[in-house]
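**Q** Numbering (full-length UniProt numbering), first residue to last: 1 to 587.
Here a beta-carbon is modelled for each residue, glycine too, at the ideal position from N, C-alpha and C.
Since the model is a prediction, treat every value here as computed from it, not as a measurement.
Sending over a structure as structure tokens; questions will come in a sec.
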């Protein structure tokens with residue numbers, strides 16, 4: 001355990017004490033010391049997670065396919081950006097019918113991406129730069145070419161038969177299929193053994209059966225293997241399917257998640273399980289462990305993400321504000337992962353049909369921009385028409401939402417999508433390093449983005465030299481997020497702005513407060529905020545220079561530019577003579 005001290009004169013009369021966690025020194029203000037403790041075991045509570053696909057990030061050997069050698073060459077870029085954790089999409093051997101999510105060997109590296117030696121060198125370099133690494137744990141299913149399934153379908157007496165889910169008379173199909181454009185059933189007939197096997201996703205991805213203790217033991221071995229090679233945890237793919245679609249049914253399906261968490265904690269105290277659980281809040285909290293915090297360490301907040309897009313479409317704060325008010329508090333040793341975009345379709349399935357159509361009309365009106373009737377296959381900058389002011393506001397919103405921000409590679413430079421690619425592959429395009437692409441010395445295996453988002457217009461090299469670029473904005477946001485531990489650790493409160501277009505919330509932790517405002521409209525707005533406990537305080541702008549004073553009644557007047565955003569730290573004024581003037585800024 002470490003002690004961290006920094007000077008900060010706060011304006012709280014009733015400091016709130018939170019759990020242990022890393023709390024870097026905030027910017028702005030000075031005065032009485034605030035004493036904070038943390039343990040490195042909870043590093044992920046205020047991490048910045050960056051998701052990437054090795055295959056599309058950087059080609060290191062000139063064959064047109066990204067690989068671990070290329071990724072290793074870019075570690076310094078990632079460290080300089082400020083991210084603290086890399087999330088790797090699947091890199092295992094695969095027939096590649098589902099972009100690597102159809103796995104044939106959980107203990108090796110896809111030969112196209114390199115060798116285990118390349119992986120170990122990548123891990124060494126990442127750790128040397130202070131970066132942690134997690135990877136996709138895709139154990140809901142295997143490829144139908146995996147040796148386990150090949151053996152399982154060889155006969156009903158196969159030792160691997162019960163590693164999968166079989167039925168003579170399958171249960172009815174669910175009302176909503178995962179891939180309604182590709183599959184019409186989750187059961188597939190096997191001619192040789194004359195039974196159906198379950199596939200929650202594609203028919204070439206038979207479901208593993210965690211109802212079988214041997215399968216559970218094997219999954220544990222997979223975790224242990226990669227942790228020995230340096231991984232700090234896993235993003236668990238399709239968690240509800242993993243624990244529910246099994247035979248025989250588990251007495252308590254969540255016991256398996258608790259067992260995984262316990263195993264990982266024994267092996268490595270700071271390990272993390274990040275779960276993909278797209279469920280309503282009242283069902284999702286079970287995956288944290290119903291208040292015990294002994295199952296998933298983190299869960300993606302799909303509800304807030306979807307309502308954030310509804311707010312952005314309407315230019316109104318209420319949809320997102322309602323999600324933040326309704327969101328349950330994560331258990332002490334757990335955290336919410338917040339995001340606006342990821343590697344899949346931008347799912348809108350938890351919105352009503354009318355709300356979903358609003359988002360479609362605003363951000364993806366053409367049919368080829370939509371997918372599965374429930375989501376979008378576009379990246380954020382194109383959805384916002386390239387409006388840099390609006391794009392910057394959206395990412396400010398992401399970093400200031402209570403929780404741990406998760407980014408998808410290329411977001412930091414505003415990459416677009418390739419709608420000519422099939423399905424979700426539209427957003428999984430090669431990273432754009434320079435005006436000529438910079439991804440590979442030869443023609444990339446996947447087509448790069450064209451038009452207004454082509455590499456000659458959107459790339460890392462140019463934005464490094466532009467102080468007003470999106471890349472520089474990301475670096476600032478990441479720096480400020482890391483300096484504002486209240487956003488990750490604190491108690492958050494949605495504030496009444498009296499203005500439908502402005503979302504405001506405050507985060508309080510251990511006597512410190514950060515107040516954040518976002519104008520979701522394209523016109524300037526003014527709000528008067530009531531900030532209880534912050535009477536006569538100074539609010540210091542963290543994104544630009546400037547301070548604003550809170551009145552003795554706890555009210556502050558704050559102007560916002562069109563699509564403007566303000567992060568404000570509360571502190572007592574150093575010396576405030578009656579005739580002193582106080583600057584006010586409008587970023």
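Look up residue 500 in the DSSP assignment and say whether it is helix, strand or coil.
**A** If DSSP states are grouped into helix, strand and coil, residue 500 belongs with coil.
**Q** So, using beta-carbon positions, are residue 281 and residue 327 closer together than 8 Å?
**A** The answer is yes: Cβ separation under 8 Å.
**Q** Taking residue 603 as the reference, give the member of 500, 525, 533, 526 with the closest Cα.
**A** As shown, the chain starts at 1 and ends at 587. That puts residue 603 outside it, with no answer to give.
**Q** Which residue spans inside the segment 295-368 form an unbroken alpha helix (DSSP H) run of at least 4?
**A** For the segment 295-368, whole alpha helix (DSSP H) runs of length 4 or above, ordered along the chain, are 302-314, 318-326, 353-363.
**Q** Residue range of the beta strand (DSSP E) that residue 195 falls in?
**A** Run containing residue 195: 195-198, per the beta strand (DSSP E) assignment.
**Q** What separation, rounded to the nearest whole angstrom, lies between the Cα atoms of residue 387 and residue 562?
**A** Distance between the alpha carbons of residue 387 and residue 562 is about 12 Å.
**Q** Would you call residue 544 buried or exposed, if buried means 16 or more other Cβ atoms sit within 10 Å of its Cβ?
**A** Exposed.
**Q** Residue 127 by DSSP, collapsed to three states: which one?
**A** If DSSP states are grouped into helix, strand and coil, residue 127 belongs with the helices.
**Q** Under a three-way DSSP split, which group does residue 103 fall into?
**A** The answer is coil: DSSP assigns residue 103 none of H, G, I, E or B.
**Q** From which residue to which residue does the beta strand (DSSP E) around residue 395 run?
**A** Here residue 395 belongs to no beta strand (DSSP E); instead the alpha helix (DSSP H) covers 388-400.
**Q** Report back the beta-carbon spacing between residue 471 and residue 412 to the nearest angstrom; my notes put them in contact at under 8 Å.
**A** Residue 471 to residue 412, Cβ: 5 Å. Contact.
**Q** In its own chain, which residues sit with a C-beta less than 6 Å from the C-beta of residue 444, not counting the 5 before and 5 after it?
**A** Within the same chain, residue 444 has close Cβ partners 64, 430.
**Q** Per DSSP, which one or two residues make a beta bridge with residue 408?
**A** The partner list for residue 408 (beta bridge, DSSP) reads 51.
**Q** Does residue 191 come out as helix, strand or coil in the three-state DSSP assignment?
**A** Coil at residue 191, not helix or strand.
**Q** List the whole-angstrom C-beta distance separating residue 57 from residue 66, where the pair is believed to meet the contact cut-off of C-beta under 8 Å.
**A** Right, their Cβ atoms sit about 5 Å apart.
**Q** How is residue 549 classed by DSSP in three states: helix, strand or coil?
**A** Looking at residue 549 - three-state DSSP - the assignment turns out to be strand.
**Q** Taking residue 147 as the reference, give the member of 140, 137, 161, 541 with the closest Cα.
**A** Residue 161 is the option with its Cα nearest to residue 147.
**Q** Judging by CA-CA distance, which residue of 74, 292, 477 is the nearest neighbour of residue 461?
**A** If we check each option's Cα against that of residue 461, 74 comes out closest.
**Q** Cβ of residue 535 within 8 Å of Cβ of residue 556?
**A** It is not a contact, given that the beta carbons lie outside the stated cut-off.
**Q** May I ask you to report which of helix, strand or coil DSSP gives residue 58?
**A** Of the three classes helix, strand and coil, the one that applies to residue 58 here is coil, per DSSP.
**Q** Hey, which unbroken runs of the beta strand (DSSP E) at 3 residues or more fall wholly within the segment 436-518?
**A** Listed in chain order, they are 491-495, 502-509.
**Q** Count Cβ pairs between the segment 131-144 and the segment 166-184 that sit closer than 8 Å; are there 3 or more?
**A** Cβ pair count under 8 Å is below three, so no.
**Q** The beta strand (DSSP E) spanning residue 132 covers which residue range?
**A** That run of the beta strand (DSSP E) goes 132-137.
**Q** What number of angstroms, rounded off, separates the C-alpha of residue 568 from the C-alpha of residue 540?
**A** Roughly 5 Å separates the two Cα atoms.
**Q** Would residue 392 be called buried (16 or more neighbouring beta carbons within 10 Å of its own) or exposed?
**A** With 16 or more other Cβ atoms within 10 Å, it is buried.
**Q** Specify the secondary structure class of residue 557 as computed by DSSP and reduced to three states.
**A** Strand.
**Q** State the beta-bridge partners of residue 85 as determined by DSSP.
**A** According to DSSP, residue 85 bridges with 49, 132.
**Q** Which partner residues does residue 371 have in the DSSP bridge list?
**A** DSSP, once it has assigned bridges, lists 375 as partnering residue 371.
**Q** Beta carbon of residue 96, beta carbon of residue 163: below 8 Å?
**A** Result no, Cβ atoms of residue 96 and residue 163 do not sit closer than 8 Å.
**Q** Whole angstroms are fine: how far does the CA of residue 262 sit from the CA of residue 221?
**A** Taking the straight line from one Cα to the other gives about 13 Å.
**Q** Using only alpha-carbon positions, find the residue among 99, 185, 364 that is nearest to residue 173.
**A** Closest by alpha carbon: 185.
**Q** Within the same chain, show all residues whose beta-carbon is closer than 8 Å to that of residue 113, passing over the 5 residues directly before and after it, in chain order.
**A** Excluding sequence neighbours, residue 113 sits near 54, 55, 65, 66, 67, 68, 91.
**Q** On a CA-only basis, which of 272, 154, 215 is nearest residue 227? Give me that one, please.
**A** Among 272, 154, 215, the Cα nearest to that of residue 227 is on 272.
**Q** In this structure, does DSSP put residue 92 in helix, strand or coil?
**A** Residue 92: coil per DSSP, three-state reduction.
**Q** Suppose you measure from the CA of residue 365 to the CA of residue 71; what does that come to, to the nearest Å?
**A** Taking the straight line joining both Cα atoms gives about 36 Å.
**Q** Could you tell me which residues DSSP puts in a beta bridge with residue 528?
**A** BP columns for residue 528 point to 557.
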